[in-house]
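**Student:** Encoded as structure tokens, here's the structure I'll be asking about.
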Amino acid sequence: MASNDPDECEAGLLGAEDASEEASAPVALCRRGSAALGLLVLLALLAMGGHRSLRLHPHLEANVEDFVREFSMPEGAGVNLGGWFVLEDWFFSGSSGKLVSSEHREGQGRCLPPLLHHVNEPWPSEGVLAFRLNASMGTKQTTRIFQAHREEFFQKEELQEIVRSGIDTIRLPLTWAAFADALETALVPDPFYPDIAAFATIPRAELASFLRHAARNGATVILDIHAFPGGSQQGTYNGIWPNRPAFWTENSKVGNPVPLTEVGRWIVQALIQWAETLDPEAKKGIKGLTLMNEPAHFNAWTHFAQEDDVLSWLSEAADDFRKSMLPVQGVKLYVNMIETAFSQFERSAVPWFLKTFSQEEREQWAIADVHWYVAWDSGHCDGRTVKGGAFSCSAPLADVRGKLNWCAHDASSRLRHLFGKGLVAVTEFSAGTFHQARYACSDSKVVRAFLEEQVKAFRSDQIEPFFWTWKMPFGPNFEPGWSLKYLLGLEKDHERALGCGEPASCSAVVIDQLNAGLCRKAWLGECNVPLTGTYRPLKAAWSKAVCRLERGSSETGHEVELRGHLPVLWTGGCADLNWAVGLSFAVLGNEVLLTDIGDLQATLTQGNITQNQGSIAAAGGAATYATLDWRRLPQRDQYGYFDLVFAGDVIWHETLVEPFLQAVAWATSGPGAGEVILSHKVRDQESVALFQQMLSSLGLQIAKEVPSEQLLGQDGHPDVRVYHLKRVH
Numbered sequence: 001m002a003s004n005d006p007d008e009c010e011a012g013l014l015g016a017e018d019a020s021e022e023a024s025a026p027v028a029l030c031r032r033g034s035a036a037l038g039l040l041v042l043l044a045l046l047a048m049g050g051h052r053s054l055r056l057h058p059h060l061e062a063n064v065e066d067f068v069r070e071f072s073m074p075e076g077a078g079v080n081l082g083g084w085f086v087l088e089d090w091f092f093s094g095s096s097g098k099l100v101s102s103e104h105r106e107g108q109g110r111c112l113p114p115l116l117h118h119v120n121e122p123w124p125s126e127g128v129l130a131f132r133l134n135a136s137m138g139t140k141q142t143t144r145i146f147q148a149h150r151e152e153f154f155q156k157e158e159l160q161e162i163v164r165s166g167i168d169t170i171r172l173p174l175t176w177a178a179f180a181d182a183l184e185t186a187l188v189p190d191p192f193y194p195d196i197a198a199f200a201t202i203p204r205a206e207l208a209s210f211l212r213h214a215a216r217n218g219a220t221v222i223l224d225i226h227a228f229p230g231g232s233q234q235g236t237y238n239g240i241w242p243n244r245p246a247f248w249t250e251n252s253k254v255g256n257p258v259p260l261t262e263v264g265r266w267i268v269q270a271l272i273q274w275a276e277t278l279d280p281e282a283k284k285g286i287k288g289l290t291l292m293n294e295p296a297h298f299n300a301w302t303h304f305a306q307e308d309d310v311l312s313w314l315s316e317a318a319d320d321f322r323k324s325m326l327p328v329q330g331v332k333l334y335v336n337m338i339e340t341a342f343s344q345f346e347r348s349a350v351p352w353f354l355k356t357f358s359q360e361e362r363e364q365w366a367i368a369d370v371h372w373y374v375a376w377d378s379g380h381c382d383g384r385t386v387k388g389g390a391f392s393c394s395a396p397l398a399d400v401r402g403k404l405n406w407c408a409h410d411a412s413s414r415l416r417h418l419f420g421k422g423l424v425a426v427t428e429f430s431a432g433t434f435h436q437a438r439y440a441c442s443d444s445k446v447v448r449a450f451l452e453e454q455v456k457a458f459r460s461d462q463i464e465p466f467f468w469t470w471k472m473p474f475g476p477n478f479e480p481g482w483s484l485k486y487l488l489g490l491e492k493d494h495e496r497a498l499g500c501g502e503p504a505s506c507s508a509v510v511i512d513q514l515n516a517g518l519c520r521k522a523w524l525g526e527c528n529v530p531l532t533g534t535y536r537p538l539k540a541a542w543s544k545a546v547c548r549l550e551r552g553s554s555e556t557g558h559e560v561e562l563r564g565h566l567p568v569l570w571t572g573g574c575a576d577l578n579w580a581v582g583l584s585f586a587v588l589g590n591e592v593l594l595t596d597i598g599d600l601q602a603t604l605t606q607g608n609i610t611q612n613q614g615s616i617a618a619a620g621g622a623a624t625y626a627t628l629d630w631r632r633l634p635q636r637d638q639y640g641y642f643d644l645v646f647a648g649d650v651i652w653h654e655t656l657v658e659p660f661l662q663a664v665a666w667a668t669s670g671p672g673a674g675e676v677i678l679s680h681k682v683r684d685q686e687s688v689a690l691f692q693q694m695l696s697s698l699g700l701q702i703a704k705e706v707p708s709e710q711l712l713g714q715d716g717h718p719d720v721r722v723y724h725l726k727r728v729h
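Just so you know, full-length UniProt numbering puts the end of the sequence shown at 729, numbered straight through with nothing missing.
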């Protein structure tokens, strides 16, 4: 815990000789005289005390330009559009994402932009998220959140980027709710977990429109039913995680007690019939169907289904396809099988496939479809920045490429041997080398080499590969191995990467002495349970807020102590700690400007200002809110002058460095001292290198750099540095 001893305040960022300028705090703008403080930064929390689990790549070798430079996609691969119509929590984990496919019950989901930037607790799966939102916000707002996500996550021009990269086939994951009885987006309960999970339906007119758009751009689409009622596999994508998959053994609890397997057949039949009756232009956009993704995944260990029941259901669903008009219309059936569902995959699923489909069918429309990832292939083909993997991320590239080449060709030749002559696909593979993001390879040369080796190996055996996935801008920790858009150097929409917060876990916020009579040191701690996006009052305890005021260069010994409870409106996101910091200055008698983007953030912040207006006015302070978009900065002169810019943990991803520094340059370009205090947790060297490289071009220089542990002792963190930046005159 930080000391309240005034003598210890002297050992601050700038040293005793510059005590009148000391400062260490999260995001703010400080104006001399009135001491206006504003929250310039969108996702800012002083990363002290190690409370946040964030991206860490200790052995990065890539130059920062490597990922910016466009990379050519190897020929012959397709791509998935995950995260659009099927949600997985790790896609929306913000800067706190750890695991590819969550292993813990609480999940990793932190947001669903553009309307839901923060949640009161991590969400584990799509169905649980929708149910929680419906309970707290109501059906109308929940539906609006899902609609807004679907409208903005994937833009039409991105399809052209995909095609220009050499990809002409797209796999589109869907939930079963695409074929619920609803023409417009509506919320429907999960048939087995109605009190736990709900889903937003997917209007089929939107799917048909996407198929037409794909066809017009020279692409075709595989429609993949990724999640079924009650959960047909284990994993966060099943919609009902962390609850036990019930699809294979239970009856519906909504309406008549029909077996969920029968409900699943109805969904498959609805998909087939819909595809048969599409207009000619939309039908040109369909390449194939996947009637169930990863059937009974993880059943080999958790035993929630009988293997014979799984294969029997797949046979019946395949027969529905066989009897339709789709085979003669040239539509393929991607028969997905996953090894984790079976105790002996090669003696059960493989013989079943070869027996169920004739040789002619396997050569014309029945495709043996599997998934292949090395991220879980511990000690065999996985790569890590730490010990335990099959190769080290920092090994010579030639050695790494040799290992990856062997692994990819071994997998490819095995699949061709298993399924013999006929159509084979790997509809999911990635460049992720380990399932724990912080220890996976992220060097551009390594992950791009892995991508190349896999595509070449699969194509050499006439296997059709599909990268998982196209993009995940709200899961930046996973992008190097799992976002093709990022790998191709096309992920340049930095603004959208800022849209996912994380639950607040309060740590020390220490404000050392500033000039013009501000606090020597204030302590903000013991913040209580974070709440949800619809704000409501909460008494957040201030354990101590002790401020030693100064008059000029001599101390008066006058102390102001704030005790008890300060009423605040807590929203639970890191961005929302900003107003807590800013309002602490306002309550101490200063003028504060708080900024953010988004309607929800504006409502929440303004609500907190209003809630604390009495205390602020009594202290002679003021607090206002303004929208500030880093990518569309307004005219500077309307804001007057600022003495100091505070920023905490805002460049947690290299794509944020440039827009952040542009915003800092904007803030310091007007009248005022033009100084910046930046607290930064080091997760990768790319961000640090780019940050240092860009400073001089923007008229800024590093005056001092101090480890946070030196400033805060046990409340510091070994990875957190505090920078004092000055404007170069």
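The beta carbon of each residue, even a glycine, is placed where N, CA and C say it ideally should be.
This one's a predicted model, so the numbers in the text were calculated from it and none came from an experiment.
Going along the chain, which unbroken runs of the alpha helix (DSSP H) with 4 or more residues stay wholly within the segment 576-640?
**Tutor:** Segments of the alpha helix (DSSP H) lying fully in the segment 576-640: 599-611, 613-618.
**Student:** Smallest Cα separation from asparagine 120: which of Leu133, Glu126, Ser413, Gly127?
**Tutor:** With distances taken between Cα atoms, asparagine 120 lies closest to Leu133.
**Student:** Residues in the same chain with beta-carbon distance under 6 Å from phenylalanine 298, minus the five sequence neighbours each way, listed in chain order, please.
**Tutor:** For phenylalanine 298, where only same-chain residues beyond five positions count, the Cβ hits under 6 Å are Gln234, Thr340.
**Student:** Please go through the same chain and pick out, in chain order, the residues whose beta-carbon is closer than 8 Å to the beta-carbon of leucine 81, but skip the five residues on each side of it.
**Tutor:** Counting only Cβ-Cβ distances below 8 Å, and skipping sequence neighbours, we find Phe154, Ile170, Arg171, Leu172, Pro173, Thr469, Trp470.
**Student:** Identify, in the order they occur along the chain, each residue of the same chain with its Cβ nearer than 7 Å to the Cβ of glutamate 75, setting aside the five sequence neighbours on each side.
**Tutor:** The answer, listed in chain order, is Gly166.
**Student:** Select from Ala395, Ile196, Asn590 the residue whose C-alpha is nearest the C-alpha of leucine 129.
**Tutor:** Nearest of Ala395, Ile196, Asn590 to leucine 129, Cα basis: Ile196.
**Student:** Below 8 Å, can you find three or more Cβ-Cβ pairs linking the segment 303-318 to the segment 287-295?
**Tutor:** Contact between the segment 303-318 and the segment 287-295 is present, because at least three Cβ pairs lie under 8 Å.
**Student:** Can you give, in chain order, each stretch of the alpha helix (DSSP H) that sits fully within the segment 134-194 and has at least 4 residues?
**Tutor:** Whole alpha helix (DSSP H) segments, 4+ residues: 139-153, 156-164.
**Student:** Count Cβ pairs between the segment 245-253 and the segment 138-150 that sit closer than 8 Å; are there 3 or more?
**Tutor:** The segment 245-253, when compared against the segment 138-150, does not touch it at the 8 Å Cβ threshold.
**Student:** In terms of DSSP beta bridges, what is glutamine 436 paired with?
**Tutor:** DSSP output for glutamine 436 lists Leu99 as bridge partner(s).
**Student:** Taking the alpha-carbon of leucine 604 as reference, which of Val335, Thr624, Ser483 has the nearest alpha-carbon?
**Tutor:** Among Val335, Thr624, Ser483, the Cα nearest to that of leucine 604 belongs to Thr624.
**Student:** What's the gap between the Cα of asparagine 238 and the Cα of alanine 180?
**Tutor:** Rounded to the nearest angstrom, the two C-alpha atoms are 16 Å apart.
**Student:** Between the C-alpha atoms of glycine 218 and asparagine 243, what's the straight-line distance to the nearest angstrom?
**Tutor:** Distance between the alpha carbons of glycine 218 and asparagine 243: 41 Å.
**Student:** Contact between the segment 338-354 and the segment 281-292: three or more CB pairs below 8 Å?
**Tutor:** No, because fewer than three Cβ pairs between the segment 338-354 and the segment 281-292 fall closer than 8 Å, the two stretches do not touch.
**Student:** Does glycine 620 pass the burial test, meaning 16 or more other C-beta atoms within 10 Å, or should it be called exposed?
**Tutor:** That one is exposed.
**Student:** What residue range is occupied by the uninterrupted beta strand (DSSP E) comprising histidine 680?
**Tutor:** Per DSSP, histidine 680 belongs to the beta strand (DSSP E) from 675-681.
**Student:** Starting from arginine 204, trace the alpha helix (DSSP H) both ways and give me its first and last residue.
**Tutor:** It spans 204-216 - the alpha helix (DSSP H) in which arginine 204 sits, taken as one unbroken run.
**Student:** Taking the C-alpha atoms as reference points, what is the distance between alanine 437 and arginine 384?
**Tutor:** C-alpha separation (whole angstroms): 10 Å.
**Student:** With 16 as the cutoff for other CB atoms within 10 Å, does glycine 420 come out buried or exposed?
**Tutor:** Per the 10 Å Cβ criterion, exposed.
**Student:** Under 8 Å by Cβ, that's how I've got tyrosine 373 and serine 430 pegged, so tell me the actual separation to the nearest angstrom.
**Tutor:** Confirmed, about 6 Å.
**Student:** Measuring alpha carbon to alpha carbon, tell me which of Gly94, His371, Ser72 ends up nearest cysteine 500.
**Tutor:** Ranking the options by Cα distance to cysteine 500, first place goes to Gly94.
**Student:** If you draw a straight line from the alpha carbon of glutamate 709 to that of glutamine 662, how long is it in whole angstroms?
**Tutor:** In a straight line, the C-alpha of glutamate 709 is about 29 Å away from that of glutamine 662.
**Student:** Would you call the segment 390-406 in contact with the segment 353-362, where contact means no fewer than 3 C-beta pairs closer than 8 Å?
**Tutor:** In short, these stretches do not touch, since the Cβ pair count stays below three.
**Student:** Taking the C-alpha atoms as reference points, what is the distance between glutamate 276 and phenylalanine 321?
**Tutor:** Rounded to whole angstroms, glutamate 276 to phenylalanine 321 spans 10 Å at the Cα level.
**Student:** Let me check understanding here. Comparing Cα to Cα, which of Glu88, Ile616, Ser209 lies closest to alanine 227?
**Tutor:** The option with the nearest alpha carbon to alanine 227 is Glu88.
**Student:** By the three-class DSSP mapping on this structure, what secondary structure does phenylalanine 478 have?
**Tutor:** Helix at phenylalanine 478.
**Student:** Entirely within the segment 297-360 and at least 3 residues each: give me those beta strand (DSSP E) ranges in chain order.
**Tutor:** Here the runs fully enclosed are 332-336.
**Student:** Do leucine 423 and arginine 347 have their beta-carbon atoms positioned less than 8 Å apart in this structure?
**Tutor:** No; because the gap between Cβ atoms is not below 8 Å, this pair is not in contact.
**Student:** For the candidate residues Val664, Arg631, Asp719, whose alpha-carbon lies nearest to that of leucine 725?
**Tutor:** The option with the nearest alpha carbon to leucine 725 is Val664.
**Student:** I need the straight-line Cα distance from aspartate 596 to serine 101, nearest angstrom please.
**Tutor:** Between aspartate 596 and serine 101, the C-alpha separation is close to 31 Å.
**Student:** Tell me the DSSP secondary structure of serine 392 in three-state form.
**Tutor:** Here serine 392 sits in strand by DSSP.
**Student:** With a CB to CB cut of under 7 Å and the five nearest residues on each side skipped, what residues in its chain are close to aspartate 382?
**Tutor:** Result list for aspartate 382: Val374, Ala375, Gly389, Ala390, Thr433, Phe434, in chain order.
**Student:** Which residues does DSSP list as the beta-bridge partners of phenylalanine 199?
**Tutor:** Answer is Val188, bridged to phenylalanine 199.
**Student:** Among Gln685, Gly716, Leu711, Arg721, which one has its Cα closest to the Cα of isoleucine 702?
**Tutor:** If we check each option's Cα against that of isoleucine 702, Arg721 comes out closest.
**Student:** Could you check whether proline 124 and glycine 97 sit closer than 8 Å to each other, using their CB atoms as the reference points?
**Tutor:** No, the pair does not count as a contact, with Cβ atoms beyond the cut-off.
**Student:** Starting from residue 731 and walking both ways along the alpha helix (DSSP H), at which residues does that stretch end?
**Tutor:** Absent from the structure is residue 731, since the part of the chain shown begins at 1 and ends at 729.
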